[in-house]
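Q: Handing you this structure, nothing more for now.
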């Protein structure tokens with residue numbers, strides 16, 4: 001299978017990855033090779049097969065609705081790229 | 001002392017023949033001497049390590065030591081450890097000093113074990129050669145021009161070079177078993193859900209499983225006793241009774257039915273690897289095991305299925321790295337979207353970006369049914385192959401990897417070639433079964449070969465028994481690389 005430059009540009013945008021035109025071209029050729037491998041799946045008849053999303057056939061556990069975590073704002077913010085007054089700073093998003 | 005088993009080390013510590021501080025210093029000295037070339041560790045903190053050893057000695061003196069108290073271990077850099085730099089092999093986390101402990105780390109800490117350092121790995125565990133690490137590739141102690149395998153390559157190299165008593169790994173598609181095979185050590189990936197994933201940086205959550213790596217099966221049993229157990233902080237952790245994984249080590253193998261899947265001995269398997277694995281199977285026959293020919297017909301499909309499902313889950317898991325709360329942020333950007341895109345493009349390496357792209361594509365509008373859903377359906381067919389096989393046998397055996405360790409840089413440019421080398425290990429993760437690799441000889445260029453043992457769900461104690469009996473009859477597991 002061969003992907004187009006537009007396909008790859010769209011995926012890079014969805015994945016939030018900045019890529020130069022040269023990087024898009026490299027990615028296009030490598031992804032086309034990988035999808036060549038993946039295409040093998042299409043020949044398999046899977047009519048009536050239930051999709052398997054998980055290794056164990058168990059239901060999601062419920063827990064009691066009580067507080068289990070305590071506030072560690074300072075510890076968590078100590079490793080953030082940019083904080084001020086207890087808030088995480090990002091570029092302005094609202095005019 | 002460095003050739004002793006964990007139980008021998010534990011006994012020596014408790015008998016005060018050696019202190020934990022002395023034993024730990026011995027390994028720290030070896031790391032200082034050999035790690036600059038092998039690059040098996042990303043981070044060491046000798047002061048913190050020795051403080052733990054001192055505390056272990058106090059615990060031994062107080063008579064409250066457990067099996068692993070005072071023994072020095074390496075920890076794969078995928079496990080968050082409080083106050084330790086935890087990089088996951090990525091530039092994205094180059095400055096991430098974890099504010100908390102992963103469940104696996106707290107289990108070792110509670111047992112009084114000593115943390116020697118964080119071992120190198122493929123970036124976000126994506127790789128089969130340890131060459132995708134941002135912190136440089138790891139060398140195989142058996143031949144420093146060759147890879148140690150991946151993604152737990154730092155752990156495997158450190159164990160083979162005796163830079164720790166044993167260490168932890170994680171396995172999403174073979175990342176414990178393949179490096180164990182390539183470095184001539186033992187490694188076990190437990191049944192999915194046996195070891196908590198809490199604090200283990202996520203790659204593909206429905207496949208990721210932590211496990212022990214060491215020099216022999218007996219050591220793995222002791223480590224698994226510490227690592228396994230229910231943890232409510234991992235929603236897929238299984239609520240099961242605590243078991244002693246060493247309980248069956250000494251059972252005879254008379255009558256054991258070993259399934260040999262014909263698909264594991266087909267085209268693509270190196271003749272040197274085939275020879276060593278066949279000799280190991282012959283050894284099991286001598287011990288009274290019965291060989292059963294079986295088929296796992298969908299083995300070939302495990303690669304395309306894995307390379308849809310694992311990247312899909314990874315693209316979702318890795319969306320958390322946005323340059324806002326922790327990790328790398330690009331130095332220059334124009335607005336919020338530009339900050340996300342530049343931080344991620346600069347923080348992630350090429351292989352990680354490739355897998356995020358694959359995952360994003362297969363989950364995107366219009367392709368979901370053709371790729372993701374189809375892969376999940378074939379995943380069930382692959383799991384059913386094993387259910388059918390275990391009607392006729394107790395364990396399954398075959399090679400762990402189609403070849404011995406390849407040269408650094410040899411498969412660098414072609415991701416497809418690298419992906420194909422995971423052929424014998426991936427199906428086990430897709431099915432959620434336990435799998436292990438033990439050394440069973442040497443192939444071309446005198447490089448180690450691994451025998452893979454695949455068990456039925458929750459059959460770890462039996463697999464360890466099967467491995468241990470082989471290790472009583474052979475000495476492949478106790479060989480050390482030259483100059484070590």
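Chains as they are written, first to last, in this note's numbering: chain A, 1 to 95; chain B, 1 to 484.
Note that beta-carbon positions come from the ideal geometry of N, C-alpha and C, so glycine has one too.
Counting along the chain, where does the beta strand (DSSP E) carrying residue 119 of chain B start and finish?
A: Run containing residue 119 of chain B: 114-119, per the beta strand (DSSP E) assignment.
Q: For the structure I just gave you, are there three or more beta carbon pairs, one from the region 96-103 of chain B and one from the region 10-29 of chain B, closer than 8 Å?
A: No, because fewer than three Cβ pairs between the region 96-103 of chain B and the region 10-29 of chain B fall closer than 8 Å, the two stretches do not touch.
Q: Leaving out five residues before and five after residue 345 of chain B in sequence, what residues of the same chain have Cβ atoms less than 6 Å from its Cβ?
A: So no residue of the chain qualifies.
Q: Rounded C-beta distance between residue 382 of chain B and residue 314 of chain B? I'm assuming under 8 Å.
A: Their Cβ separation, rounded to whole angstroms, is 19 Å, which puts residue 382 of chain B and residue 314 of chain B out of contact at 8 Å.
Q: Looking at chain B, is there any beta carbon in it that lies within less than 8 Å of the beta carbon of residue 12 of chain A?
A: Yes, residue 12 of chain A counts as interfacial toward chain B.
Q: Out of B/415, B/237, B/466, which one is the CA nearest neighbour of residue 59 of chain A?
A: Answer by Cα proximity: B/237.
Q: Tell me whether residue 134 of chain B is buried or exposed, calling it buried when 16 or more other Cβ atoms sit within 10 Å of its Cβ.
A: Buried: at least 16 other Cβ atoms inside 10 Å.
Q: Using 8 Å as the cut-off, can you tell me whether the region 275-283 of chain B makes contact with the region 142-152 of chain B, which would need three or more C-beta pairs spanning the two stretches below that distance?
A: Taking 8 Å as the limit for Cβ pairs, the verdict is that the region 142-152 of chain B does not touch the region 275-283 of chain B.
Q: Run through chain B and tell me which residues come within less than 7 Å of residue 93 of chain A, C-beta to C-beta.
A: 336, listed in chain order.
Q: From residue 80 of chain B to residue 19 of chain B, what does the alpha carbon distance come to, in whole angstroms?
A: C-alpha separation (whole angstroms): 27 Å.
Q: Using a threshold of 8 Å, state whether the C-beta atoms of residue 464 of chain B and residue 220 of chain B are closer than that.
A: Yes, the Cβ-Cβ distance between residue 464 of chain B and residue 220 of chain B is below 8 Å.
Q: Please list, in chain order, the chain A residues whose beta carbon lies closer than 7 Å to that of residue 192 of chain B.
A: 55, 56, listed in chain order.
Q: Quickly, what does DSSP pair residue 189 of chain B with across the bridge? List them, please.
A: In the DSSP output, where bridge partners are listed per residue, residue 189 of chain B has B/435.
Q: Based on the DSSP secondary-structure assignment, which residues constitute the bridge partners of residue 213 of chain B?
A: Bridge partners of residue 213 of chain B: B/167, B/187.
Q: Smallest Cα separation from residue 63 of chain B: which of B/112, B/234, B/76?
A: The candidate whose alpha carbon is nearest that of residue 63 of chain B is B/112.
Q: Measure the CB-CB distance between residue 49 of chain B and residue 23 of chain B and report whether it falls below 8 Å.
A: For residue 49 of chain B and residue 23 of chain B, no; Cβs fall outside 8 Å.
Q: Around the C-beta of residue 200 of chain B, are 16 or more other C-beta atoms found within 10 angstroms, so that it is buried, or is it exposed?
A: Counting Cβ neighbours within 10 Å, residue 200 of chain B comes out buried, since at least 16 surround it.
Q: Taking the alpha helix (DSSP H) that residue 29 of chain B belongs to, which residues open and close that run?
A: Start and end: 20-38.
Q: Inspect the CB distances between the region 359-375 of chain B and the region 228-248 of chain B and report whether three or more fall short of 8 Å.
A: The region 359-375 of chain B is not in contact with the region 228-248 of chain B.
Q: Using 10 angstroms around the beta-carbon of residue 375 of chain B, count the other beta-carbons present and answer buried if the total reaches 16, otherwise exposed.
A: Per the 10 Å Cβ criterion, buried.
Q: Is DSSP giving residue 269 of chain B helix, strand or coil here?
A: It is coil, neither helix nor strand.
Q: Using the C-alpha atoms, what's the distance from residue 338 of chain B back to residue 426 of chain B?
A: Rounded to whole angstroms, residue 426 of chain B to residue 338 of chain B spans 36 Å at the Cα level.
Q: Put residue 21 of chain A into one of helix, strand or coil per three-state DSSP.
A: In the structure shown, residue 21 of chain A sits in a helix (DSSP, three-state: H, G or I).
Q: Mind the definition here: the region 222-230 of chain B touches the region 434-450 of chain B only if three or more C-beta pairs lie below 8 Å; say whether that holds.
A: Counting Cβ pairs under 8 Å, fewer than three are found: no touch.
Q: Below 6 Å CB to CB, which residues in the same chain sit around residue 273 of chain B once its five sequence neighbours on both sides are set aside?
A: Once the five neighbours on either side are set aside, the close Cβ partners of residue 273 of chain B are 399, 443, 449.
Q: Strictly below 9 Å CB to CB, what residues from chain B border residue 44 of chain A?
A: Correct list: 298, 301, 374, 377, 378, 381.
Q: Who are the Cβ neighbours of residue 247 of chain B in its own chain at under 8 Å, not counting the five residues just before and after it?
A: Answer for residue 247 of chain B: 461, listed in chain order.
Q: Note down, in chain order, each residue of its chain lying with its Cβ closer than 7 Å to the Cβ of residue 537 of chain B, except the 5 sequence neighbours on either side.
A: Any question about residue 537 of chain B goes unanswered here, given that chain B covers just 1 to 484.
Q: So residue 46 of chain B is in the alpha helix (DSSP H); what residue range does that whole segment cover?
A: It spans 46-61 - the alpha helix (DSSP H) in which residue 46 of chain B sits, taken as one unbroken run.
Q: From residue 6 of chain A to residue 18 of chain A, what does the alpha carbon distance come to, in whole angstroms?
A: Cα-Cα distance, rounded: 14 Å.
Q: State the DSSP-derived secondary structure class of residue 79 of chain B, mapped to helix, strand or coil.
A: Three-state result, residue 79 of chain B: strand.
Q: Give the residues from the region 427-441 of chain B that approach chain A closer than 9 Å (Cβ to any Cβ), ordered along the chain.
A: The region 427-441 of chain B vs chain A, Cβ under 9 Å: 429, 430, 431, 432, 433.
Q: Who are residue 8 of chain A's beta bridge partners in DSSP?
A: According to DSSP, which records beta bridges pairwise, residue 8 of chain A is partnered with nothing at all.
Q: If you run the structure through DSSP and keep just helix, strand and coil, what is residue 95 of chain B?
A: Residue state, collapsed to three classes: coil.
Q: So that I know if they touch, is there some Cβ in chain B lying closer than 8 Å to that of residue 62 of chain A?
A: By this cut-off, residue 62 of chain A is not an interface position.
Q: What are the complete beta strand (DSSP E) segments, minimum 3 residues, inside the region 214-292 of chain B?
A: You should have 257-261.
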